[in-house]
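In order, the protein sequences belong to chains S and V. FYI, the numbering for the first sequence is 1 to 403, going by UniProt numbering. FYI, the numbering for the second sequence is 1 to 213, going by UniProt numbering. Even for Gly, the Cβ is constructed at its ideal location relative to N, Cα and C. Here the structure is a predicted model, which means the values were calculated and not measured.
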Amino acid sequence: VQDRHSDNSHLALQAKHTEQHEGRLYNIPLEELSAVFPHGLPHRFQQQVLTFNEARVMVRKPALELLAYLKGSNFSHPAVRYVIYGERGTGKTMTLCHVVHYCSRQGWLVLHIPDAHLWVKNCKELLQSSYNKDRLDQPLQASVWLKNFKASNERFLQEIKTQKKYMWGKRECTEEGRPLREVVEQGLARVRSASDAVGVLLRELKQQSHRGSFRLLVAVDGVNALWGRSTLRKEDKSPVCPEELTLVHNLRKMLMNDWSGGAIVTTLSQTGSLFKPSSAYTPQELLGKEGFDALDPFVPIPVPNYSPKEFESCYGYYLERRWLQHEKGQGWGGKRGMRVLGLELVSSKWAKKLDKLNTDFCTHRDAQSFAVPSVSLQGPRTFPPCASGLISSVCPCTPRVST
Amino acid sequence: MPVRWSRYNPSYLEPEVKKESYERPLEELSEEEREQMELKTVRPIKAALPTLSSSVFSDPMISKFTNMMMKSGNKVLARNLMSQTLENIKRKQLEKYHKAPENEKDTIECNPYVIFHQALKNCQPIIGLSSITRGGKTYQVPVPLTDNRKRFLAMKWLITECRENKHRRTMMPEKLSQELLQAFNNEGPVIKRKHVLHKMAEANRAYAHFRWW
């Protein structure tokens, strides 16, 4: 257990994470964390980084698989699309973050959209787009994203030049051959044209990626939002199709495989999705027919719950960081209790809540269902059995926490 | 049908919920405990309360506190708030722990249960006031408090302090964790209230002879 948590960040630098490192945790220095991930880390992980004063990511099989594909891919061929899917709380976003970190260490240009669901719901301001009368702009979301993009990819914005002259409204324009930084700054300064700035950025990157001066990684979390429904309404209360939003329209064009010189890694997410049942997790269910046809052909990457080895590693890490404070949780009884849940149910998210299981105080009523041998496999989100070894399907042990 | 809240026949015994008590071998038990076991085989046993638990992680004080926080029977919400409070305390303490230099690490207590119990103990008043009417006037008489009353007062003060004197938009776990940590360090409004009560009792010493119990 000792060497599992040793500082393997130098291995990440040389991109030497291999099969033998599976289950180990590697450290990302905090300065790098704020540079590579201004947005995009799951909320629970951010809290953990603050609590433990370090960022440790576990190396898991799906991530290793993806990294192997990326290393061996031919960049003169059209971009391959990878879709990470799995049940709730199994680690899809963290796999995506691992890949993003690897690519940024390798010097790729990373286009990271932290959660596409944020673009199709809860939008306070919807402007009619000046470029195309039918579409709607989202200035707030676009400007927030541009700010974070600028923070993570400074040097690329300086190097890459525009190939066309762009007019922003009647008076302002960006000449041909200016660095992309000016486009981004224009979008940040004039918030009304932020969505158009995003569109221009995506277009330029797509056209220039085949030249080979940089590798482009398009990382989208919650890609099923782009082909679902949205809760936004126009001023006459008619519902808005995601297609009518400029941001979504441009992103869809980016996700098509008609460009080369990079890769597209996406994640499906039920947690923030709209009008999808909570049991849905396969690409077919979440993307719908339209989305599946648009993303087809893609490489599916399933992400399962923790394997026994990963569970041990995570448990050891929490012990070492003193997260498991209750004396009963640290001994064999507590560990057995956590293991009794059936490791199929202890997903990465629940492993993070190991101490929540520790603070569980099951009621006597649960002892009556002790006779029930198998816990219902409805999914990792059903109330996990209590850590003391009493199995219950009715225990309202831990709260539902949305990602 | 015998249910918990109906009047039980005095022959009914209390249920024993803890697993450890059943795992002890026969030789270890003393005479009285063996007699008690014999009695349990013949006498009927009362139904256990729904809140009684055999989990290693259950704590009667925490259950009591959760019940006092509960509003209109919403135990699920109260329990969630309690577990979030404990998690909050742990996170704050761990953050301090991991940032502290090596020599100070031993002084920082990270276990939320220890902090909770110590905070409650620090908030418990030693002496209380009771209103006694003599000759038409009501006097506040200093009076010793039972253990149960002390515990109740400490928990009540903590909860009322969090509900009333904080900003409207802060969440209960946050407010509670802050109060508990302050009480653990013997500072904060609840400790102040306890001191005020002690001072009042000291000031009303003269009426202590009104007490007849």
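Cβ-based burial, residue i [other Cβ within 10 Å; buried from 16]
{"i": "Gln138 of chain S", "result": "buried"}
{"i": "Ala206 of chain V", "result": "exposed"}
{"i": "Asn9 of chain V", "result": "exposed"}
{"i": "Met171 of chain V", "result": "exposed"}
{"i": "Glu87 of chain S", "result": "buried"}
{"i": "Thr51 of chain S", "result": "buried"}
{"i": "Leu216 of chain S", "result": "buried"}
{"i": "Cys241 of chain S", "result": "exposed"}
{"i": "Gln141 of chain S", "result": "buried"}
{"i": "Asn153 of chain S", "result": "buried"}
{"i": "Tyr22 of chain V", "result": "exposed"}
{"i": "Val76 of chain V", "result": "exposed"}
{"i": "His77 of chain S", "result": "exposed"}
{"i": "Phe37 of chain S", "result": "buried"}
{"i": "Val198 of chain S", "result": "buried"}
{"i": "Ser34 of chain S", "result": "exposed"}
{"i": "Trp213 of chain V", "result": "exposed"}
Simplified DSSP assignment, three categories, for residue i
{"i": "Glu23 of chain V", "result": "helix"}
{"i": "Gly72 of chain S", "result": "helix"}
{"i": "Ile126 of chain V", "result": "coil"}
{"i": "Val56 of chain V", "result": "coil"}
{"i": "Pro144 of chain V", "result": "strand"}
{"i": "Pro308 of chain S", "result": "helix"}
{"i": "Val299 of chain S", "result": "strand"}
{"i": "Lys150 of chain S", "result": "helix"}
{"i": "residue 431 of chain S", "result": "For residue 431 of chain S there is no data in the structure shown, the boundaries of chain S being 1 and 403."}
{"i": "Leu120 of chain V", "result": "helix"}
{"i": "Lys150 of chain V", "result": "helix"}
{"i": "Lys166 of chain V", "result": "coil"}
{"i": "Gln128 of chain S", "result": "strand"}
{"i": "Met61 of chain V", "result": "helix"}
{"i": "Asn186 of chain V", "result": "coil"}
{"i": "Asp106 of chain V", "result": "helix"}
{"i": "Ile45 of chain V", "result": "strand"}
{"i": "Ile89 of chain V", "result": "helix"}
{"i": "Tyr26 of chain S", "result": "strand"}
{"i": "Leu176 of chain V", "result": "helix"}
{"i": "Leu136 of chain S", "result": "strand"}
{"i": "Met70 of chain V", "result": "coil"}
{"i": "Lys276 of chain S", "result": "coil"}
{"i": "Tyr207 of chain V", "result": "helix"}
{"i": "Arg60 of chain S", "result": "coil"}
Amino acids of chain S, ordered along the chain, whose beta-carbon sits closer than 8 Å to that of residue i
{"i": "Leu94 of chain V", "result": "Thr51, Phe52, Arg321, Arg322 and Trp323"}
{"i": "Asn111 of chain V", "result": "Gln325 and His326"}
{"i": "Tyr97 of chain V", "result": "Arg322"}
{"i": "Arg91 of chain V", "result": "Gln47, Leu50 and Thr51"}
Test: residue i CB closer than 8 Å to a CB of chain V
{"i": "Gln46 of chain S", "result": "no"}
{"i": "His43 of chain S", "result": "no"}
Chain-ordered chain V contacts of residue i [CB-CB under 8 Å]
{"i": "Lys206 of chain S", "result": "Per Cβ cutoff of 8 Å: no residues; Lys206 of chain S is ~43 Å from chain V at best."}
DSSP beta-bridge partners of residue i
{"i": "Gly187 of chain S", "result": "Partner(s): none; Gly187 of chain S has no beta bridge."}
{"i": "His98 of chain V", "result": "Note: His98 of chain V sits in no beta bridge, so no partner."}
{"i": "Leu268 of chain S", "result": "Per DSSP, none; premise fails for Leu268 of chain S."}
{"i": "Val218 of chain S", "result": "S:Leu111 and S:Ile264"}
{"i": "Lys137 of chain V", "result": "V:Arg134"}
{"i": "residue 410 of chain S", "result": "Past the edges of chain S, shown from 1 to 403, lies residue 410 of chain S, and the structure says nothing about it."}
{"i": "Pro239 of chain S", "result": "S:Arg233"}
{"i": "Arg81 of chain S", "result": "S:Ile264"}
{"i": "Val179 of chain S", "result": "For clarity, residue 179 of chain S is Pro in the given sequence; the question names Val instead. In the DSSP output, where bridge partners are listed per residue, Pro179 of chain S has S:Lys161."}
{"i": "Leu13 of chain V", "result": "V:Ile45"}
Contact with chain S by residue i, beta-carbon distance below 8 Å
{"i": "Lys194 of chain V", "result": "no"}
{"i": "Val56 of chain V", "result": "yes"}
{"i": "Phe210 of chain V", "result": "no"}
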